[in-house]
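Q: Protein sequences, first through last, are from chains A and B. In case it helps, our numbering puts the first sequence at residues 3 to 352. In case it helps, our numbering puts the second sequence at residues 33 to 415. My questions will all concern the structure given below.
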Amino acid sequence: MEVFNIFDKLLGENILSALVSVILPLIFLIIYALIAILGELKISAWIQERLGPMRTGPYGILQPLAEVVKLIQKEDIVPAGANKLLFNLAPYIIFAGSFAGFAVIPFTAAFVPAEINIGLFYVFAVGAFAVIGIVMGGWASNNKYSLLGAMRSASQMISYEIPGALVILSAAVLANSLDMQKITALQSGPFWNWFLFGGPGDWSKIWILPFTVLLSLIYMVSSLAETNRTPFDIPEGESELVAGYHTEYSGMKFAMFFFAEYSNMFIIASILAVVFLGGWNSPFGSFMSGFWWGIFWFIIKAMFIVFIQIWLRWTLPRVRVDQLMYLGWKVLLPFSLVCFIFISLYRIVY
Amino acid sequence: MTTTKFIDIDFSKIESDRMRLNVGPQHPSTHGVLRLEVELDGEVVTNVIPHIGYLHRCFEKIAENMNYQQVIPYVDRMDYISSMNNELPYVMAVEKLLGIKVPEKVEYIRVIMAELNRIANHQIAVATFGLDAGAFTPFLYLFRDREYILWIFEKASGGRLLFNYFWVGGLANDVYPTFKEDVLNIVKQVRKTNKEIEELLIYNKIFIDRTANIGVLPADVAINYGCSGPVLRGSGVKFDLRKDDPYSIYDRFDFDIPVGTGEVGTVGDCWDRNIVRMREMEQSCRIIEQAVAQMPDSGDVQAAIPKKIRPPKGEVYFRAENPKGELGFYIISDGKDKPYRVKGRAPSFVNLSVLPEISKGYLFADLIVILGSIDIVLGEVDR
Numbered sequence: 003m004e005v006f007n008i009f010d011k012l013l014g015e016n017i018l019s020a021l022v023s024v025i026l027p028l029i030f031l032i033i034y035a036l037i038a039i040l041g042e043l044k045i046s047a048w049i050q051e052r053l054g055p056m057r058t059g060p061y062g063i064l065q066p067l068a069e070v071v072k073l074i075q076k077e078d079i080v081p082a083g084a085n086k087l088l089f090n091l092a093p094y095i096i097f098a099g100s101f102a103g104f105a106v107i108p109f110t111a112a113f114v115p116a117e118i119n120i121g122l123f124y125v126f127a128v129g130a131f132a133v134i135g136i137v138m139g140g141w142a143s144n145n146k147y148s149l150l151g152a153m154r155s156a157s158q159m160i161s162y163e164i165p166g167a168l169v170i171l172s173a174a175v176l177a178n179s180l181d182m183q184k185i186t187a188l189q190s191g192p193f194w195n196w197f198l199f200g201g202p203g204d205w206s207k208i209w210i211l212p213f214t215v216l217l218s219l220i221y222m223v224s225s226l227a228e229t230n231r232t233p234f235d236i237p238e239g240e241s242e243l244v245a246g247y248h249t250e251y252s253g254m255k256f257a258m259f260f261f262a263e264y265s266n267m268f269i270i271a272s273i274l275a276v277v278f279l280g281g282w283n284s285p286f287g288s289f290m291s292g293f294w295w296g297i298f299w300f301i302i303k304a305m306f307i308v309f310i311q312i313w314l315r316w317t318l319p320r321v322r323v324d325q326l327m328y329l330g331w332k333v334l335l336p337f338s339l340v341c342f343i344f345i346s347l348y349r350i351v352y
Numbered sequence: 033m034t035t036t037k038f039i040d041i042d043f044s045k046i047e048s049d050r051m052r053l054n055v056g057p058q059h060p061s062t063h064g065v066l067r068l069e070v071e072l073d074g075e076v077v078t079n080v081i082p083h084i085g086y087l088h089r090c091f092e093k094i095a096e097n098m099n100y101q102q103v104i105p106y107v108d109r110m111d112y113i114s115s116m117n118n119e120l121p122y123v124m125a126v127e128k129l130l131g132i133k134v135p136e137k138v139e140y141i142r143v144i145m146a147e148l149n150r151i152a153n154h155q156i157a158v159a160t161f162g163l164d165a166g167a168f169t170p171f172l173y174l175f176r177d178r179e180y181i182l183w184i185f186e187k188a189s190g191g192r193l194l195f196n197y198f199w200v201g202g203l204a205n206d207v208y209p210t211f212k213e214d215v216l217n218i219v220k221q222v223r224k225t226n227k228e229i230e231e232l233l234i235y236n237k238i239f240i241d242r243t244a245n246i247g248v249l250p251a252d253v254a255i256n257y258g259c260s261g262p263v264l265r266g267s268g269v270k271f272d273l274r275k276d277d278p279y280s281i282y283d284r285f286d287f288d289i290p291v292g293t294g295e296v297g298t299v300g301d302c303w304d305r306n307i308v309r310m311r312e313m314e315q316s317c318r319i320i321e322q323a324v325a326q327m328p329d330s331g332d333v334q335a336a337i338p339k340k341i342r343p344p345k346g347e348v349y350f351r352a353e354n355p356k357g358e359l360g361f362y363i364i365s366d367g368k369d370k371p372y373r374v375k376g377r378a379p380s381f382v383n384l385s386v387l388p389e390i391s392k393g394y395l396f397a398d399l400i401v402i403l404g405s406i407d408i409v410l411g412e413v414d415r
């Protein structure tokens with residue numbers, strides 16, 4: 003399948019096509035966030051033998067909309083003694099950081115908002131932006147719980163970005179590229195061409211098969227830590243820090259944190275889908291592939307990983323700060339390093 | 033006396049500012065309106081000062097102006113999640129003062145109700161303990177099961193939380209006809225869920241990491257502080273009033289006293305206190321099964337007592353094994369229809385006093401877990 007931006011073809015390479023390329027992911031993000039919130043409510047309810055929301059609309063499907071309306075109506079509170087500028091800026095910085103990641107997400111073969119040949123690197127770079135917002139918000143809130151949450155978050159992000167980056171490096175070594183479209187295109191064909199199963203190639207890939215599976219698991223764990231979700235929701239651990247860094251936020255600013263969390267979940271899921279699950283490629287080779295099928299497969303794969311994140315959240319207890327550091331530095335980092343070295347050796351030999 | 037501390041830092045060598053953090057009275061994990069003044073060095077807890085009294089309702093003073101019967105609803109409100117267990121020592125104390133004996137059937141119903149309420153209490157304890165560690169789903173599973181027990185209480189007494197069911201000399205009313213079947217179904221359900229909870233929560237690796245070797249309470253410290261109930265038994269001390277000072281008809285049943293063994297960590301850690309509660313639920317199930325089998329079908333539920341209770345001059349102390357520990361009532365009668373003095377020995381209050389002793393040197397997240405493992409109810413702490 004040829005790789006290009008469909009809007010450049012339809013509208014010409016001008017400001018209009020760029021605008022459409024930006025707005026489309028935003029619309030997608032809003033719709034996705036509503037669905038994901040509903041999914042979170044409903045899946046948690048099913049796990050816990052509840053019904054979940056049932057009153058707003060048929061089977062409560064309008065509940066996320068109601069929540070958004072509720073949050074818009076809420077009073078916007080700035081606590082006394084807070085640093086107003088930083089306090090007001092923080093939620094938007096977090097959201098901007100996570101939304102910027104959408105620029106390089108390849109939704110289908112013919113559409114990626116921005117063609118950057120270092121897409122994976124870029125996602126990581128802007129993803130790390132969120133920690134600035136969190137520390138800002140936590141510091142500016144003038145609340146000790148927020149401060150503790152922000153400090154925890156900063157240390158957590160640093161320890162988990164490194165194993166995550168090593169996983170991405172290994173994938174880049176395998177694919178010989180950091181371009182998300184190229185990585186996806188490489189994995190075309192049936193599902194055993196996915197990097198989860200060693201990537202395209204002959205039977206020699208059996209050597210790296212365990213490593214690629216391990217790498218995808220490492221990335222899954224470290225990405226959970228990056229999105230601050232259970233079992234790694236230490237920065238906002240409810241039973242300890244009330245709500246962590248966003249304790250003092252209300253109304254739309256709180257919604258922004260919420261929004262950014264869901265947006266981050268999708269970014270993480272799409273990186274996993276692109277790097278390990280073949281992105282927009284159909285699992286059955288040329289069967290069921292094409293422009294629309296590409297969107298379908300990509301979103302299905304990403305949403306499946308979002309589902310796993312929700313599932314884990316409602317099953318596992320929370321780990322402690324020092325245990326998280328232990329896991330990050332002493333377990334994930336050595337393992338990902340070994341995988342990286344082995345995969346590099348494999349690339350040299352074959 | 034040596035206590036194993038998770039992080040062994042000599043604070044005198046490191047000069048750093050301590051942060052004073054006010055936890056509560058409105059905080060998700062203080063189990064009510066407890067206020068903790070916590071001194072933190074980074075995330076390490078260096079000092080904890082519990083402040084209590086936010087739920088003080090002058091129970092003991094009010095009781096002096098009430099008839100002996102009228103005190104019972106106030107007793108309910110002490111440890112409001114195990115009200116049946118609160119009523120039992122109070123009514124038995126008054127009965128001891130009066131020197132009356134209640135009918136056989138009443139004794140059996142009281143034991144069944146008390147043990148059911150013990151299960152309900154431990155379900156909440158384990159559930160909120162899991163919640164403190166961040167696991168939300170087991171919380172709802174256990175609350176769902178507790179609901180079935182509450183249905184039985186509701187059918188029998190009319191109340192879901194505060195029952196006013198045990199009266200001096202008997203019960204408010206007889207149990208309903210299908211009581212026995214309902215109780216046996218509950219026992220089955222409790223066992224089934226407990227198995228699930230053990231798989232989902234208790235033996236979860238993350239949960240063990242969070243709770244094992246945390247908040248270690250050595251047996252001698254526990255005894256010195258006067259701890260009782262699962263907090264004491266978690267430290268490996270085999271002390272249960274139902275066996276060691278049998279009251280009511282507990283000597284007729286065959287059951288064990290589970291104690292903490294340090295299965296995954298040290299004896300007396302949070303995990304041990306929690307597992308004692310899990311195992312006690314099983315033992316309560318055994319007691320209930322035996323009691324249901326032995327319980328007479330017919331009989332009076334009220335002993336012949338005078339309408340106005342006027343105990344002779346004297347005093348009595350009666351203690352019983354509450355789910356939280358030893359609950360005792362000390363009643364002085366001056367021969368009038370109102371007690372001269374009622375003093376409650378609340379296990380939550382005594383158990384809470386050990387918190388500063390066992391939480392120093394652990395992380396702030398551990399403090400919450402330790403508090404959860406002590407299982408306090410502020411209604412009883414403050415009275």
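Idealized CB from N, CA, C, for every residue including glycine. The structure displayed is predicted, hence computed values, not measured ones.
In chain order, what residues of the same chain have a beta carbon less than 7 Å from the beta carbon of residue 165 of chain A, not counting five sequence neighbours either side?
A: The residues are 220, 224, 330, 334, 335, 338.
Q: Rounding to the nearest angstrom, what Cα-Cα distance links residue 411 of chain B and residue 25 of chain A in this structure?
A: Answer to the nearest angstrom: the Cα atoms are 55 Å apart.
Q: Do three or more CB pairs link the region 391–406 of chain B to the region 235–248 of chain B at distances below 8 Å?
A: Verdict: yes, contact present.
Q: Mind listing the chain B neighbours of residue 317 of chain A? Cutoff is C-beta to C-beta under 7 Å, in chain order.
A: Simply 169.
Q: Name the residue from A:249, A:190, A:216, A:116 whose alpha carbon lies nearest to the alpha carbon of residue 170 of chain A.
A: Checked all of A:249, A:190, A:216, A:116; the closest Cα to residue 170 of chain A is A:216.
Q: Out of curiosity, what's the CA-to-CA distance linking residue 138 of chain A and residue 74 of chain B?
A: Their Cα atoms are separated by approximately 19 Å.
Q: If you drop the 5 nearest sequence neighbours on each side, which residues of the same chain put their C-beta closer than 8 Å to that of residue 203 of chain B?
A: So the qualifying residues of the chain are 138, 141, 142, 197, 333, 334.
Q: If I measure Cβ to Cβ from residue 107 of chain B and keep anything under 6 Å in the same chain, skipping five residues before and after, which residues do I get?
A: Once the five neighbours on either side are set aside, the close Cβ partners of residue 107 of chain B are 118, 119, 122.
Q: Using a Cβ cut-off of 8 Å, which residues of the region 228–258 of chain B contact any Cβ in chain D, in chain order?
A: This model lacks chain D altogether, as its protein chains are A and B.
Q: Run through chain A and tell me which residues come within less than 8 Å of residue 51 of chain B, C-beta to C-beta.
A: Near residue 51 of chain B (Cβ distances below 8 Å), the residues of chain A are 146.
Q: Please confirm whether residue 110 of chain A has its beta-carbon closer than 8 Å to some beta-carbon of chain B.
A: For residue 110 of chain A, the answer is no, since every Cβ of chain B falls outside 8 Å of its Cβ.
Q: Does the region 80–93 of chain B come close enough to the region 381–395 of chain B that 3 or more CB-CB pairs lie under 8 Å?
A: In short, these stretches touch, since the Cβ pair count reaches three.
Q: Taking the C-alpha atoms as reference points, what is the distance between residue 302 of chain A and residue 87 of chain B?
A: Each residue's alpha carbon lies about 52 Å from the other.
Q: Residues in its own chain within less than 8 Å of residue 100 of chain B by CB, not counting five upstream and five downstream?
A: So the qualifying residues of the chain are 126, 200, 341, 343, 369, 370, 371.
Q: Quick one: which chain B residues come within Cβ less than 8 Å of residue 202 of chain A?
A: Those within 8 Å of residue 202 of chain A in chain B number zero; the least Cβ separation is about 36 Å.
Q: Please report the straight-line C-alpha distance between residue 263 of chain B and residue 328 of chain A, rounded to a whole angstrom.
A: When rounded, the distance between both Cα atoms is 30 Å.
Q: Pull out every residue of the region 203–219 of chain B whose Cβ sits closer than 9 Å to any Cβ of chain A, in chain order.
A: Hits within the stretch: zero.
Q: If I measure Cβ to Cβ from residue 238 of chain A and keep anything under 8 Å in the same chain, skipping five residues before and after, which residues do I get?
A: Same-chain partners within the cutoff: 151, 230, 245, 246, 247, 248.
Q: Along chain B, in chain order, which residues have C-beta atoms closer than 7 Å to that of residue 169 of chain A?
A: Those within 7 Å of residue 169 of chain A in chain B number zero; the least Cβ separation is about 22 Å.
Q: From the beta carbon of residue 61 of chain B, is the nearest beta carbon of chain A less than 8 Å away?
A: Yes, its Cβ sits closer than 8 Å to a Cβ of chain A.
Q: Nearest to residue 47 of chain A by CA position, among A:323, A:312, A:92, A:341, is which residue?
A: Comparing Cα positions, the closest option is A:312.
Q: Please report whether the beta-carbon of residue 75 of chain B lies at a distance below 8 Å from any beta-carbon of chain A.
A: So, interface residue.
Q: Are the C-beta of residue 393 of chain B and some C-beta of chain A separated by less than 8 Å?
A: Output row for residue 393 of chain B: interface = no.
Q: Tell me which residues share the same chain as residue 159 of chain A and place their Cβ nearer than 6 Å to its Cβ, disregarding the 5 neighbours each side in the sequence.
A: Result list for residue 159 of chain A: 133, in chain order.
Q: May I have the straight-line CA-CA distance separating residue 292 of chain B from residue 127 of chain A, to the nearest angstrom?
A: Roughly 50 Å between the two C-alpha positions.
Q: Would a check of beta-carbon distances place residue 162 of chain B closer than 8 Å to chain A?
A: It does: the Cβ of residue 162 of chain B has a partner Cβ on chain A nearer than 8 Å.
Q: Ignoring anything shorter than 4 residues or poking outside the region 275–357 of chain B, list the alpha helix (DSSP H) runs there in chain order.
A: List check, alpha helix (DSSP H) in window: 302–326.
Q: Between residue 61 of chain B and residue 242 of chain A, is the Cβ-Cβ spacing less than 8 Å?
A: Yes, they are a contact pair.
Q: Using beta carbons (cut-off 8 Å, strictly below), is residue 49 of chain A in contact with chain B?
A: Residue 49 of chain A counts as touching chain B.
Q: For residue 332 of chain A, count neighbouring Cβ atoms within 10 angstroms of its own Cβ and tell me buried if that reaches 16, exposed if not.
A: Exposed, by the Cβ-count rule.
Q: DSSP three-state label for residue 426 of chain B, please.
A: One cannot answer for residue 426 of chain B here, as it falls past the ends of chain B, which runs 33 to 415.
Q: What span of residues does the alpha helix (DSSP H) with residue 168 of chain A cover, start to end?
A: Looking at the DSSP string, the run of the alpha helix (DSSP H) that includes residue 168 of chain A is 146–177.
Q: Do residue 388 of chain B and residue 354 of chain B come within 8 Å of each other at the CB atom, strictly closer than that value?
A: No, Cβ-Cβ distance for residue 354 of chain B and residue 388 of chain B is not below 8 Å.
Q: For residue 108 of chain A and residue 312 of chain B, I'd like the C-alpha separation in whole angstroms.
A: Cα-Cα distance, rounded: 56 Å.
Q: For residue 181 of chain A, does the count of other Cβ atoms within 10 angstroms reach 16, so buried, or fall short, so exposed?
A: Its Cβ being crowded by 16 or more others within 10 Å, residue 181 of chain A is buried.
Q: Got a sec: is the Cβ-Cβ distance from residue 242 of chain A to anything in chain B below 8 Å?
A: Cβ-Cβ to chain B under 8 Å: yes for residue 242 of chain A.
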